[in-house]
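So the structure is just underneath, and the comments pick up after that.
Residue numbers (the working numbering), protein chains in the order written: chain A, 44 to 501; chain B, 44 to 501.
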């Protein structure tokens, strides 16, 4: 009898792990449990589906259950893994629709349960009309609610990536939208100047931003439905619908209950091959922690791109290959209204927290030669270590064609380049693509001059 | 008395060298000779000025003679350096308008004479109506000729970057345009599949491409003006105007005559600090050769971005600082009609010529998540060394937002990364910017699989 792999969770990480393992080792029995109604979908695409930019829910699905089945994977939809017995090496499952349950034995197990939205512990948070946007089924529910036509006022709690994307989506649908965030600028993973530009972009679209103010309570009507968000400062923001955009935390309940160790960050602890500390038990995706290559710390970063890579690595290793996931450097990108923003490495606050002594240089330039039609504003910010000049972090904010340029700087950081080395790089130049001094190179030059001045003063 | 720097050539390299040196050492006397009518202009912008996309000639000028003078540089316009006496350390100059001439003594000299267009040695090449497009004055002349309204048919000789950009510019002006190129696909610095996509883009705009056919002669009318281009295969292409787009060669005549040594590539030989082999004589820009970091060969690459950097390095060193130009890796980018293309490192032909054993992997993907509005085609090609998997070259071709992504791969090559390392990079992901597997990462994965298969077969 062949060996058996059980995968808990059928989205990006689980689906990739199952696919890769089966592909590498075709005689492997692969069973994949998914408690939702979809496999391998783009959670990041949900806001665009809600706005209507993406018409069809099916477009968000990279691989359907039937496609997985055609590849030889035994997919069990709407089936939740409710227990893992590491001694007997079985997963206990429950059919959420039929109500049946049972045990599934495994030789290898992949834990890919994803994440769950943060829910602030405030009164009313569990009322009807309060939505997270985490799994595709959340999106389905939210879209159905909006389609009913009784929602006019939406309050989004949390001004992170997802919060702002949902705010924009609701605005596109013509709703009144307010975003509440505890910080003085939204998207706190960026430095405040970038956050301010993002806030301006959102405001230009008519979204109200309530900043430096948290959520104290959800006011619930006699029908049991949320009717307002009450802020810490006492403001009452009427809402027909409340969306939680406070980020997510790793879904580790089942791991904890069954004895799969977590790491310092609260995610499942894995090594570079995606092995947990339990023999034959692997984990991947939003539920695991990764090594941050700059800070050395373990961090949880919920991103589809990591989930796909980690799932692939786990699957390859299970299938008898050898692969590693080398860690993350905090790269992220977002488009909010007409503004694009991206970051990589450490923000100023993160560099401070990690104890670095650094200089910061920002340059305002254009995405094309200044004289070229369509040249749009772009700001490149670099954070470089004092004395060494090593690039620690970078942020880009601008209009179209701006933010994806962050990848170049992510690779500079990955390779531990100094700003002095960066300013000499052979980057592409032609007038439709950049000024003759590329904004990235100008920023490096400015950062280098700051580092140099600093060294001179020593 | 202060030391004196003489700069020959007032465009990107010369202008940058003069500015930096003066900035670093304010008591330096700086004299800059420029034989044309403009300083520090964007030669790369000329095609867009000819098309009308850029309205104003002045927009192409980064720094006017008066701006240089305000910075303390003694600019001598329309003044050609006609001799360099390295023993007496003087430059002999001639005023092209007034006719005066004289000697200018120097302590340091920057040779920044740029390049001259290639002119095939065929009958009629020097006739009226045959234009190169190299300096701004060429652009002025060409634009005036087009403005006269008597030109209907244009033949562009050479299908390189500039040739195609000029062809498009003339087409935008409503002219009949034919491009003649000896190769079977245009822009020979790309692999043929990319060249073919570029050719299709140009043809879609109504430009006729005559490929695999060279120029044998220019047929000259009784008025002394070019009236047709005769190809090697005997075709006669009627032309009211002929534009040479065969590329450029370094302008080294004066260096040769005065004893400043050239390198193996035919450009002025310089070290990383931009010193020629003559003490106190520096060189920068299109006229010098650079070290290709992959092949180790010396190469001449005429590009404004290199010229600016090299000029800055020379000026910094002359001004008492320390800076180096670390070489090039062959990065280039172009937009032709609706198609963008970029390259870095070695093409297949170049990798062959350099003796590498390599695999090639190409991926057709989209610039945004496939479901996202505006997702445009992008093809990423990677050339990786067999066994080691080191990335040797990459090419990107696609529509809007595609080509500038080459910078990421340029930095991978710069850092000698393998495709295995590249496929794990923390690149930015969100649906408006890429599929969850970024096209760059998919290409790296495919190249890695090709390398891996190859190793297994050994």
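The beta carbon of each residue, even a glycine, is placed where N, CA and C say it ideally should be. Quick caveat: nothing in here was measured; it's all calculated off a predicted structure.
Contact check for residue 471 of chain B against residue 385 of chain A passes: the beta carbons are separated by less than 8 Å.
Here residue 143 of chain A is exposed. Its C-beta has fewer than 16 other C-beta atoms within 10 Å.
Residue pairing from DSSP places residue 341 of chain A in a beta bridge opposite A:334. Between residue 336 of chain A and residue 290 of chain A, the gap from beta carbon to beta carbon reaches 8 Å or more.
In this chain, the alpha helix (DSSP H) harbouring residue 457 of chain A covers 449-457. Contact of residue 325 of chain A with chain B is not assigned, every C-beta pair being separated by 8 Å or more.
If you ignore the 5 residues before and after residue 87 of chain B, its C-beta comes within less than 6 Å of the C-beta of 347, all in its own chain and listed in chain order. Take residue 424 of chain B, set aside five residues on each side of it, and the residues of its chain with a beta-carbon closer than 6 Å to its own are 405 and 438, in chain order. Taking a contact as a CB-CB distance under 8 Å, the pair residue 220 of chain B and residue 250 of chain B counts as one, their CB atoms being some 5 Å apart.
Between residue 284 of chain B and residue 194 of chain B, the C-beta gap is smaller than 8 Å, which places the two residues in contact. Closest in alpha carbon position to residue 418 of chain A, among B:155, B:97 and B:138, is B:97. Distance from residue 288 of chain A to residue 205 of chain A at the Cβ level is roughly 5 Å; contact confirmed, criterion being Cβ atoms closer than 8 Å.
Between the segment 235-253 of chain B and the segment 138-158 of chain B, the count of Cβ pairs shorter than 8 Å is below three; the stretches do not touch. Excluding the 5 residues flanking it on each side, residue 196 of chain B has same chain C-beta neighbours closer than 6 Å at 219, 281, 282 and 283, in chain order. When secondary structure is reduced to three states using DSSP, residue 250 of chain B falls in the coil class, being assigned neither helix nor strand.
Counting C-beta pairs closer than 8 Å gives three or more between the segment 59-78 of chain B and the segment 97-116 of chain B, which meets the contact rule. Secondary structure note for residue 352 of chain B: its alpha helix (DSSP H) is the uninterrupted segment 347-361.
In terms of CA proximity to residue 351 of chain A, B:479 leads the group B:479, B:185 and B:474. Linking residue 475 of chain B to residue 446 of chain A through their CA atoms gives a straight-line distance of about 10 Å. Residue 54 of chain A is classed as buried because its beta carbon has at least 16 other beta carbons within 10 Å across all chains shown.
Closest in alpha carbon position to residue 214 of chain A, among A:225, A:199 and A:228, is A:199. Residue contact with chain A for residue 416 of chain B: present (Cβ-Cβ distance below 8 Å to some residue of chain A).
By the Cβ-count criterion, residue 151 of chain B is buried, with 16 or more other Cβ atoms from all chains shown falling within 10 Å of its own Cβ. In the structure shown, residue 177 of chain A adopts coil according to DSSP, grouped into three states. Counting along the chain, the unbroken beta strand (DSSP E) around residue 422 of chain A starts and ends at 420-428. With fewer than 16 other CB atoms across the displayed protein chains lying within 10 angstroms of its CB, residue 396 of chain B is exposed. In terms of Cβ geometry, residue 298 of chain B and residue 325 of chain B do not form a close pair [threshold 8 Å]. If you draw a straight line from the Cα of residue 314 of chain B to the Cα of residue 468 of chain A, it is about 17 Å long. Within chain B, the residues whose beta carbon sits less than 7 Å from that of residue 368 of chain A are 467, listed in sequence order. For the options B:343, B:338 and B:421, the alpha carbon positioned closest to that of residue 311 of chain B is the one of B:343.
For residue 331 of chain B, no chain A residue has a C-beta closer than 9 Å to its own C-beta; the minimum C-beta separation is roughly 15 Å. Shown here, residue 472 of chain B sits in coil according to DSSP, grouped into three states, outside any helix or strand. With a threshold of 16 other beta carbon atoms within 10 Å, residue 190 of chain A falls short and is exposed. Counting the other CB atoms within 10 Å of its CB gives residue 227 of chain B a total below 16, which places it among the exposed residues.
Cβ atoms of residue 483 of chain B and residue 462 of chain B stay farther apart than 8 Å, at about 11 Å.
Inclusion of residue 202 of chain A and residue 176 of chain A in the CB contact set at 8 Å is not warranted, their separation being larger than that value.
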